[in-house]
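Before any comments, here is the structure.
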Amino acid sequence: MTSTRSGSQRRHLASSPFKPRVEPDVENFEVDDRVSHQALGLGRVVGTESSAVTVNFGTRTMRIPSPFHKLEKL
115 MTSTRSGSQR RHLASSPFKP RVEPDVENFE VDDRVSHQAL GLGRVVGTES SAVTVNFGTR
175 TMRIPSPFHK LEKL
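The sequence shown begins at 115 in my numbering and counts up one residue at a time.
Here it is, written out as structure tokens:
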């Protein structure tokens, strides 16, 4: 059985010849922010959590977990 650790942060040794992985900045969203999603279109943030935002896209409301790769603040 294989295990993935996508949510955990890996330790970087100082003696490693490889550069440490750069974590992308997580954008902070607030209620009433206008956003654009690559697949769902324009929407408005209606709720926030520590690891997700809830966005109303007009025809449906979606909870989008962090990281917000396809979500852009307008």
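C-beta: ideal position from N, C-alpha, C; glycine also. Please read these numbers as outputs of a predicted model, since none were measured by experiment.
Three-way DSSP call (helix, strand, coil) for residue i in this model
i, result
"ALA166", "strand"
"THR175", "strand"
"HIS183", "coil"
"VAL159", "strand"
Candidates the options: closest to residue i by CA position
i, options, result
"LEU188", "GLN152, PRO179, GLU163 and ALA128", "GLN152"
Pairwise C-alpha distance: residue j and residue i
i, j, result
"LEU154", "SER129", "44 Å"
"ARG124", "PHE143", "26 Å"
"LYS184", "GLU141", "11 Å"
"THR173", "PRO181", "23 Å"
"PRO79", "HIS126", "For the chain, the structure presents residues 115 to 188; residue 79 sits outside this window and is missing."
"ARG150", "PHE132", "According to the sequence displayed, residue 150 carries Ser and not Arg. Their Cα atoms are separated by approximately 35 Å."
"VAL159", "VAL136", "27 Å"
Range of the contiguous beta strand (DSSP E) that encloses residue i
i, result
"HIS151", "148-151"
Short Cβ contact (9 Å threshold) for residue i with residue j
i, j, result
"GLY157", "VAL145", "no"
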